[in-house]
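So the sequence shown is numbered by this note's numbering: it starts at 26 and just counts up by one. Think of the CB as a built atom: it goes at the ideal place given N, C-alpha and C, for glycine as much as any other residue. Heads up: the structure comes next, in structure tokens.
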Amino acid sequence: MNFELTFEQLQGKLKKVLDPSRFRFILILYPNTNMIDEIKSYISNTYPESLVTNLDLQNKSYQDISTELYKNNEGFVYINDFEELLDNPELYNGFNQRRDKIASHNINLICFISLYQKEELFTKSLNVIPDLWEFKDTVLELQKDEKTNQLIDINVTDSMSYSSIGGTNTKDKKVKLENLLKELDEVNNDELRLNILKQVAMIYDDLGESKLSLEYYLKELELKEKLNASEDQLAVSYNNIALAYKDLGYIDEALKYQFKTLHIRENSLTKNDIDLALSYSNLSIIYEGNNDLEKALNYQIKSLEIREKNLEENHPDLANSYGILAMIYQGMGKLEQAIQYQKKDLKILEKVLGNKHPSLARSYSNISAIYHDIGELEKALVYQLKALHIREEILGEVHPDVANSYNNISLLYRDKKECTKAKEFLYKGINILKQLNFNHPHLITCTDNLKQIESQIKKQKNAGYKKKGKYCKDM
26 MNFELTFEQL QGKLKKVLDP SRFRFILILY PNTNMIDEIK SYISNTYPES
76 LVTNLDLQNK SYQDISTELY KNNEGFVYIN DFEELLDNPE LYNGFNQRRD
126 KIASHNINLI CFISLYQKEE LFTKSLNVIP DLWEFKDTVL ELQKDEKTNQ
176 LIDINVTDSM SYSSIGGTNT KDKKVKLENL LKELDEVNND ELRLNILKQV
226 AMIYDDLGES KLSLEYYLKE LELKEKLNAS EDQLAVSYNN IALAYKDLGY
276 IDEALKYQFK TLHIRENSLT KNDIDLALSY SNLSIIYEGN NDLEKALNYQ
326 IKSLEIREKN LEENHPDLAN SYGILAMIYQ GMGKLEQAIQ YQKKDLKILE
376 KVLGNKHPSL ARSYSNISAI YHDIGELEKA LVYQLKALHI REEILGEVHP
426 DVANSYNNIS LLYRDKKECT KAKEFLYKGI NILKQLNFNH PHLITCTDNL
476 KQIESQIKKQ KNAGYKKKGK YCKDM
């Protein structure tokens, strides 16, 4: 196989992953440097109208390169010296903290990494740019024959993790968590300690361990305050702490920290900044969780207005706003609006995330809940089973989201009067929550649901022949 033939294959792979009309973070692992020029030349010839920015990071701060980075919209931004980014705190802190602002531009951020430094630089990236690293879309790995120097293989890996910290499933995340906790005991550098604390908090969040996630986010904030971190850096911590408190049901604390974030961002950002949209959206989530639906709706509409001005039509943040609006309208009993927005959310996520992602599972679960309220139980069951399949594969069998799916499926079978299946699925959910030692509202809810199902079964057993199937069709 000669180089020209295999380079044509590479062009075919590139064509599938490149899209200058929306943000993409692409890593290209190359075996020799001449391939970088070949790839850039192909991109320029294929997208002649697109702006190209070559970022020179040598001895630069993020402020030095930000103007050049932000002026590109609907084009390609190349970073050849990726290692320089990872070695310079003035660069990697900027890229990490301004991740959402970078992602609001319609650019393909393409980083070239030597194939022989893959393991070293990937590990380093997880440590120093964990926020930006979450947004990577594709890793394209070029391999060559050492004897002939010819390109012999092209591996393409699409990112599909809920956060890329620790891997794509619960088992890998637990292994990563164990290693991070060991590093935390040994590390002397405060900047590295900050990054490790955040990674630990994020993994605990992915694992559904909200109390431990909050504990480490608070430790991260304490260290930031000790180091006199900027208000922008503090705002990120306040936001994460707010969401952790919300997950634990402490709404007053959640609002306190989220308003701290909002105060900083409203005073430092323009009114259409994408980070401000994030604060409005998170306030909406907290109010929705407290059933304060009018406030939730107002803040989510403010967020959506900014996102629609700044983001392409298939951006995941737009899907996020649509999904939250769907939940709000569902809570208001406006099911027609709810289903419209949930379909918008689902359409984007199916397009950009592939078929195995926890966010897609959440969307399936949410549209199932709306169909349940409408009374279309069969449709609702199909979507809830889809959610369960993804969650079991990605999150593992012992995770609160899996327990939630079992509970939702149980309620559908209950309303279909299939009491045996309803009880079977509910017990599965309860057993998971007990394994997790969850003293949690979900466990109380599941226990209450079990009492309702057992009451239906008892009524059916006591009913006469003429009332067969009135409470349970399967008895």
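{"Query": "Starting from residue 55, trace the beta strand (DSSP E) both ways and give me its first and last residue.", "Result": "49-55"}
{"Query": "With residue 431 and residue 406 assumed to form a contact (beta carbons below 8 Å), what rounded beta-carbon distance in angstroms separates them?", "Result": "Residue 431 to residue 406, Cβ: 13 Å. No contact."}
{"Query": "Would you kindly work out how many angstroms separate the C-alpha atoms of residue 68 and residue 38, rounded to a whole number?", "Result": "12 Å"}
{"Query": "Anyone know if the C-beta pair for residue 252 and residue 219 falls short of 9 Å?", "Result": "yes"}
{"Query": "By a C-beta neighbour count over all protein chains shown, 10 Å radius and 16 as the cutoff for buried, is residue 245 buried or exposed?", "Result": "buried"}
{"Query": "Should the segment 272-286 be called in touch with the segment 306-325, which here means at least 3 C-beta pairs below 8 Å?", "Result": "yes"}
{"Query": "Three or more C-beta pairs under 8 Å: does that hold for the segment 80-94 against the segment 48-65?", "Result": "no"}
{"Query": "Which residues does DSSP list as the beta-bridge partners of residue 1?", "Result": "The first residue shown for the chain is 26 and the last is 500, placing residue 1 beyond what the model contains."}
{"Query": "Using a Cβ-Cβ cut-off of 8 Å (strictly less than) and excluding sequence neighbours within five positions of residue 99, which residues of its own chain qualify?", "Result": "45, 46, 75, 76, 131, 132"}
{"Query": "Quick one, are the C-beta atoms of residue 228 and residue 198 less than 9 Å apart?", "Result": "yes"}
{"Query": "Report the start-end ranges of each alpha helix (DSSP H) in the segment 288-339 that is 4 residues or longer and not cut off at the edges.", "Result": "299-314, 318-335"}
{"Query": "Just the C-alpha distance for residue 120 and residue 135, rounded to the nearest angstrom, thanks.", "Result": "14 Å"}
{"Query": "Measure the alpha-carbon distance for residue 291 versus residue 327 and round it to whole angstroms.", "Result": "13 Å"}
{"Query": "Closest to residue 377 by CA distance: which of 161, 149, 480, 104 is it?", "Result": "161"}
{"Query": "What does the alpha-carbon distance come out to for the pair residue 389 and residue 415?", "Result": "10 Å"}
{"Query": "From which residue to which residue does the alpha helix (DSSP H) around residue 366 run?", "Result": "360-377"}
{"Query": "In the DSSP assignment, what are the bridge partners of residue 101?", "Result": "77, 133"}
{"Query": "Since residue 467 contacts residue 429 with CB under 8 Å, what's their CB separation in whole angstroms?", "Result": "7 Å"}
{"Query": "Find out if the Cβ-Cβ distance for the pair residue 298, residue 96 is shorter than 9 Å.", "Result": "no"}
{"Query": "Three-state secondary structure (DSSP) at residue 58?", "Result": "coil"}
{"Query": "Using C-beta distances below 8 Å, list every residue in its chain close to residue 212, excluding the 5 sequence neighbours before and after it, in chain order.", "Result": "218, 221"}
{"Query": "So what does DSSP say about residue 45, is it helix, strand or coil?", "Result": "coil"}
{"Query": "Please classify residue 433: is it buried, with 16 or more other beta-carbons within 10 angstroms of its beta-carbon, or exposed?", "Result": "buried"}
{"Query": "Counting C-beta neighbours from all protein chains within 10 Å, is the total for residue 342 16 or more, i.e. buried, or is it exposed?", "Result": "buried"}
{"Query": "State the Cα-Cα distance for the pair residue 324 and residue 334, rounded to the nearest angstrom.", "Result": "16 Å"}
{"Query": "What residue from 348, 478, 357 has the CA that sits closest to residue 368's CA?", "Result": "348"}
{"Query": "Spatial neighbours of residue 196 within its chain, please: C-beta separation below 7 Å, excluding the five flanking residues on both sides.", "Result": "421"}
{"Query": "Taking Cβ positions, are residue 137 and residue 90 nearer each other than 9 Å?", "Result": "no"}
{"Query": "Go through its chain and collect everything with a Cβ distance to residue 107's Cβ below 6 Å, but skip five positions before and after it.", "Result": "136, 138"}
{"Query": "Please report the residue range of the alpha helix (DSSP H) in which residue 501 lies.", "Result": "Nothing about residue 501 can be read from this structure; the chain reaches only from 26 to 500."}
{"Query": "Taking DSSP as the reference, what is the three-state secondary structure of residue 218?", "Result": "helix"}
{"Query": "Compute the Euclidean distance between the alpha carbons of residue 312 and residue 436, then round it to the nearest angstrom.", "Result": "25 Å"}
{"Query": "Spatial neighbours of residue 273 within its chain, please: CB distance less than 6 Å, with the 5 preceding and 5 following residues excluded, ordered by chain position.", "Result": "235"}
{"Query": "Counting C-beta neighbours from all protein chains within 10 Å, is the total for residue 265 16 or more, i.e. buried, or is it exposed?", "Result": "buried"}
{"Query": "Name the residue from 344, 482, 477, 358 whose alpha carbon lies nearest to the alpha carbon of residue 445.", "Result": "482"}
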